[in-house]
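Enquirer:
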Amino acid sequence: MTFSVHGLAVSRGIAIGRAVLVASSRADVAHYFIGADKIEAEIQRVRVARDAVAEEITRVQRELPKDVPHELSALLDVHLMLLADEQLSNGVKHWITDRLYNAEWALTTQFEIIARQFDDMEDEYLRERKADLEQVVERILAFMKGVASPVLPVAQANRQARQQDLLLDDTMDVPLVLVAHDISPADMLQFKQSLFVGFATDVGGRTSHTAIVARSLDIPAVVGARSASQLIEQDDWVIIDGDAGVLIVDPSPIILAEYGFKQRQGELERQRLNRLKHTPSLTLDGQKIELLANIEMPDDTANAVNVGAVGVGLFRSEFLFMGRAGRLPDEQEQYLAYRKAVEGMQGLPVTIRTVDIGSDKPLDKLAGRTQDGQLNPALGLRAIRWSLADPPMFLTQLRAILRAAAHGQVNLLVPMLSHVSEIRQTLSLIDHARAELDNKGIAYGPVQLGAMIEIPAAALTLKLFLKYFDFLSIGTNDLIQYTLAIDRADEAVAHLYDPCHPAVLRLIADTIAECNAQGKGVSVCGEMAGDVAMTRLLLGLGLRSFSMHPSQILAVKQQVLRADAGKLARWAQEVLLSDEPAALL
Ligand code: PEP
Ligand code: MG
């Protein structure tokens, strides 16, 4: 039966495919397709792990002291029984053989299916056995981790399968959409190389980092769809309408046809926009508008160049630091990554932001949405605060960025500054990093220094910031979050997250005006810069530099080409004075 689930639209377009449910508690499990020649080996990996776990439980049972309660031994019996369950082993075999899932993915998929059956049981005792099954599966996964075969990136594994023309039955050709309760930004990066054509999560706000990475993948996505991962079942057909923020589950043929049509229209629109790739970004009255790219990884520069970005306005360097079980990238690894980005931009400028770990970007994806010991992560030890709390780590990053600057034009951008003492500490550490490189005789290049304006306190003390920095970059995602006291990752208050709130617009307008008056560079690098509904207003407020995901550049360029900046300036002042600016857009 067709039904729909409503959420927040975060990445445009329509995706139609079968659901792949990924449980967030096991999101660190690798998901990739195997080559057909690996089927037997993958089945064997699960078998070996399962037998080893069974052996271990049997040994523990044998060695139990005589006086332990009988229930403990009975519990171990239940675990042994679950391990031997055919529904588990047959299901795993099915996912590996018929879908070419890797062993861990097959196991967790089958677990989800059986777990739901437990949830539906009337008998409370049986219902509670789900926790036992979960423990058993976790043990198998832990065992497999120790003996895991090397992970093939999904795209590569699938390409090999295609080249060899192996096992490409109907099911393999079906597009897949990812459905999960939550996906950490680090997991989203892993999916960057995958075959999913769209995704949906139960939680998350429009500018949560998971949504931002989704936008960079340029696939239709909906977040904050409440209980989507409960309502949608493995393999269900799902339409993801990334424009309307709706999921349509089990669509009827008529609905499918309608969305198929919309999908083709969207494709045509993209092709039309592609023609603007080489058109200079000028307004009707001849103002030159700089369209820059936001990237997460050095390889993203290819996309940026491809759509005609004139530089990188924001390299979110924290993505190099995530999901590494606490082992941070050393100076050489960072230097090579930054240098790759610089070289990838072929002489165009690259703005590297120092690490912004914390809040909804935990270092380790398993840390979840809230970090242990932090009462309120968004207001806690995040971004520059995290860096200043660990000078050796920060100096390592600064040296790496300065060294990369020897290979091209680099701007160094500092996130979340609010206090003059932080500014002074940061600048002194940058000097210190230069001195360290001088002492060792290592080459480095000049950098322009920039500060993010993303805390109201910074936007209200612009003159102070402009005394110390060459340029400013407005991080509207956080500026809105902190001005309106709305957690950007919390879908429960997503309706209050308002880029057009008069207070937000006032802070943005003043920042642009002050920079323009002092002849300093200013850009917007939050999601607002890539929102076509906001382009005219930002132009009217005097903004001439926008940084956004490459996938949005051509649509924003289209707005620029249609705009008259002079006329928009007068209109923008009216919008600023309005009680309800959104009504005037
Ligand atoms: C912002 O806050 O607008 C920004 C660009 O930084 P991030 O989204 O990474 O916090
Ligand atoms: Mg920010």
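Numbering follows this note's numbering, in which position 60 of the sequence shown is assigned residue number 103; successive positions increment by one, without gaps. Glycine residues also receive a C-beta, built at the ideal position from the N, C-alpha and C atoms.
#1: Go ahead and pull the three-state DSSP assignment for K404.
#2: Quick check on the burial criterion: 16 or more other C-beta atoms within 10 angstroms. Buried or exposed for T526?
#3: Does D553 get closer than 7 angstroms to chain D when you measure Cβ to Cβ?
#4: Start and end of the beta strand (DSSP E) containing E333?
#5: Given this structure, state the Cα-to-Cα distance separating L123 from F304, to the nearest angstrom.
#6: Helix, strand or coil: how does DSSP classify R367 here?
#7: Can you tell me whether I282 is buried or exposed? The criterion is at least 16 other CB atoms within 10 Å of its CB, across all chains shown.
#8: Apart from the five residues on each side of it in sequence, which residues of its chain come closer than 6 angstroms, Cβ to Cβ, to S324?
#9: Tell me, please, whether the segment 474–488 touches the segment 513–532 by the rule of three or more beta-carbon pairs shorter than 8 angstroms.
#10: For L480 and T519, I'd like the C-alpha separation in whole angstroms.
#11: Under 8 angstroms, with one C-beta from each stretch per pair, do the segment 358–370 and the segment 393–402 reach the 3-pair mark?
#12: Taking Cβ to Cβ, would you say A501 is nearer than 7 angstroms to S461?
#13: Please report how far the alpha carbon of G366 lies from the alpha carbon of P372, in whole angstroms.
#14: Please report how far the alpha carbon of E83 lies from the alpha carbon of Q440, in whole angstroms.
#15: Rounded to the nearest angstrom, what separates S564 and D513 at their Cα positions?
#16: Between the segment 80–96 and the segment 133–151, do at least 3 Cβ pairs fall closer than 8 angstroms?
#17: Taking 6 angstroms as the cut-off, is the beta-carbon of E339 closer than that to any non-hydrogen atom of the ligand PEP?
#18: Below 8 angstroms on the Cβ atoms is my contact criterion, and I expect G248 with D533 to pass it. Report the Cβ-Cβ distance as a whole number of Å.
#19: What residues in its chain sit with their C-beta under 6 angstroms from that of R425, if we drop five residues either side in the sequence?
#20: Where G585 and D328 are concerned, what is the direct C-alpha to C-alpha distance, given to the nearest angstrom?
#21: Taking 6 angstroms as the cut-off, is the C-beta of C568 nearer than that to any heavy atom in the ligand PEP?
#22: Relative to the C-alpha of R428, which residue among N482, I498 and D474 is closest?
#23: Put L51 into one of helix, strand or coil per three-state DSSP.
#24: Taking the alpha carbon of V180 as the reference point, which residue from R307, E155 and L509 has its own alpha carbon closest?
#25: Could you tell me if the beta carbon of G241 falls within a distance shorter than 6 angstroms of some heavy atom in the ligand PEP?
#26: Starting from the C-beta of A476, find all residues in its chain whose C-beta is less than 8 angstroms away, skip the five residues before and the five after it, and write them out in chain order.
#27: Does the ligand MG have a heavy atom nearer than 6 angstroms to the CB of G288?
#28: If you drop the 5 nearest sequence neighbours on each side, which residues of the same chain put their C-beta closer than 7 angstroms to that of L316?
#29: Helix, strand or coil, according to DSSP, for Y144 in the structure here?
#30: Look at L290 and A345 and say whether their C-beta atoms are less than 7 angstroms apart.
#31: Please state if the CB of A97 and the CB of L126 are separated by a distance shorter than 7 angstroms.
#32: Of the residues D166, K173 and V453, which one's Cα is nearest the Cα of R159?
#33: Using the Cβ count rule (16 or more neighbours within 10 Å means buried), how would you classify Y168?
#34: Taking 7 angstroms as the cut-off, decide whether the C-beta atoms of H321 and S272 are in contact.
#35: Would you decide whether A204 is buried or exposed? Buried here means 16 or more other CB atoms lie within 10 Å of its CB.
#36: Check this for me: beta carbons of T554 and I529, under 7 angstroms apart or not?
Expert: On the basis of the supplied data:
#1: Looking up residue 404 in the sequence shown gives position 361. Under the three-state reduction of DSSP, K404 is assigned to strand.
#2: Taking the first residue of the sequence shown as position 1, residue 526 is located at position 483. When all chains shown are included, T526 counts as buried.
#3: Any reference to chain D falls outside this structure, which holds one protein chain only.
#4: For the purposes of this step, residue 333 is taken as the residue at position 290 of the sequence shown. From DSSP, the beta strand (DSSP E) with E333 extends over E333 to I338.
#5: The residue labelled residue 123 in the question sits at position 80 within the sequence shown. The residue labelled residue 304 in the question sits at position 261 within the sequence shown. Rounded to the nearest angstrom, the two C-alpha atoms are 52 angstroms apart.
#6: As a working note, residue 367 is residue 324 in the sequence shown. Three-state DSSP puts R367 in coil, outside helix and strand.
#7: Position 239 of the sequence shown, counted from the start, is the residue given in the question as residue 282. The residue is buried, with at least 16 neighbouring Cβ atoms inside 10 Å.
#8: Here residue 324 corresponds to residue number 281 of the sequence shown, with the count starting at 1. Cβ neighbours of S324 beyond the five flanking positions: I332, L334, K600 and V603.
#9: No, the segment 474–488 does not touch the segment 513–532.
#10: If you number the sequence shown from 1, residue 480 lands on position 437. If you number the sequence shown from 1, residue 519 lands on position 476. In a straight line, the C-alpha of L480 is about 34 angstroms away from that of T519.
#11: Here the segment 358–370 lies against the segment 393–402, with 3 or more beta-carbon pairs under 8 angstroms apart.
#12: As a first step, residue 501 must be located in the sequence shown, where it is residue number 458. As a first step, residue 461 must be located in the sequence shown, where it is residue number 418. Yes, Cβ-Cβ distance for A501 and S461 is below 7 angstroms.
#13: Your numbering for residue 366 matches position 323 in the sequence shown. Your numbering for residue 372 matches position 329 in the sequence shown. Roughly 11 angstroms separates the two Cα atoms.
#14: For the purposes of this step, residue 83 is identified with residue 40 of the sequence shown, where counting begins at 1. For the purposes of this step, residue 440 is identified with residue 397 of the sequence shown, where counting begins at 1. C-alpha separation (whole angstroms): 44 angstroms.
#15: Counting from 1 along the sequence shown, the entry for residue 564 is found at position 521. Counting from 1 along the sequence shown, the entry for residue 513 is found at position 470. Ser is not the amino acid found at residue 564; the sequence shown has Gly there. It is roughly 7 angstroms from the alpha-carbon of G564 to the alpha-carbon of D513.
#16: Flag = yes, the segment 80–96 and the segment 133–151 touch.
#17: For the purposes of this step, residue 339 is identified with residue 296 of the sequence shown, where counting begins at 1. Within 6 angstroms of the C-beta of E339 there is not a single heavy atom belonging to the ligand PEP.
#18: On the sequence shown, residue 248 is found 205 positions in, with the first residue counted as 1. On the sequence shown, residue 533 is found 490 positions in, with the first residue counted as 1. With 8 angstroms as the limit, G248 and D533 qualify as a contact, their Cβ atoms being about 6 angstroms apart.
#19: Translated into the one-based positions of the sequence shown, residue 425 becomes position 382. G401 and S402.
#20: For the purposes of this step, residue 585 is taken as the residue at position 542 of the sequence shown. For the purposes of this step, residue 328 is taken as the residue at position 285 of the sequence shown. Going from the Cα of G585 to the Cα of D328 covers about 13 angstroms.
#21: Counted from its first residue, the sequence shown places residue 568 at position 525. At least one heavy atom of the ligand PEP is nearer than 6 angstroms to the Cβ of C568, so yes.
#22: As a working mapping, residue 428 is identified with position 385 in the sequence shown. Closest by alpha carbon: I498.
#23: Numbered from its first residue, the sequence shown carries residue 51 at position 8. DSSP places L51 in strand when its eight states are reduced to three.
#24: Your numbering for residue 180 matches position 137 in the sequence shown. Of the candidates R307, E155 and L509, the residue whose Cα lies closest to the Cα of V180 is E155.
#25: In the sequence shown, the residue the question calls residue 241 occupies position 198. No, Cβ of G241 sits at least 6 angstroms from all heavy atoms of the ligand PEP.
#26: Walking along the sequence shown from the start, residue 476 turns up at place 433. For A476, the CB contacts under 8 angstroms within the same chain, skipping 5 residues up- and downstream, are L438, L441, R442 and L445 in chain order.
#27: As a first step, residue 288 must be located in the sequence shown, where it is residue number 245. No; taking the cut-off as 6 angstroms, the Cβ of G288 has no heavy atom of the ligand MG nearer than that.
#28: Numbered from 1 along the sequence shown, position 273 holds the residue referred to as residue 316. The residues are L597, A598 and Q601.
#29: To locate residue 144, count along the sequence shown from 1; it is residue 101. The answer is strand: DSSP assigns Y144 an E or B state.
#30: In the sequence shown, counting from the first residue as 1, residue 290 sits at position 247. In the sequence shown, counting from the first residue as 1, residue 345 sits at position 302. Result no, Cβ atoms of L290 and A345 do not sit closer than 7 angstroms.
#31: Here residue 126 corresponds to residue number 83 of the sequence shown, with the count starting at 1. Here residue 97 corresponds to residue number 54 of the sequence shown, with the count starting at 1. For L126 and A97, yes; Cβs fall inside 7 angstroms.
#32: Numbered from its first residue, the sequence shown carries residue 159 at position 116. When each option's Cα is compared against that of R159, the closest is K173.
#33: In the sequence shown, counting from the first residue as 1, residue 168 sits at position 125. Looking at its Cβ environment, which holds fewer than 16 other Cβ atoms inside 10 Å, Y168 is exposed.
#34: The residue you call residue 321 lines up with position 278 of the sequence shown. The residue you call residue 272 lines up with position 229 of the sequence shown. No, they are not a contact pair.
#35: Counting from one through the sequence shown, the residue named residue 204 turns up at place 161. Low local confidence applies: a pLDDT of 35 at A204 is under 50, so the model's placement there is unreliable, with the coordinate-based value given in what follows. Classification of A204: buried, given that the 10 Å Cβ count is 16 or more.
#36: The residue labelled residue 554 in the question sits at position 511 within the sequence shown. The residue labelled residue 529 in the question sits at position 486 within the sequence shown. No, they are not a contact pair.
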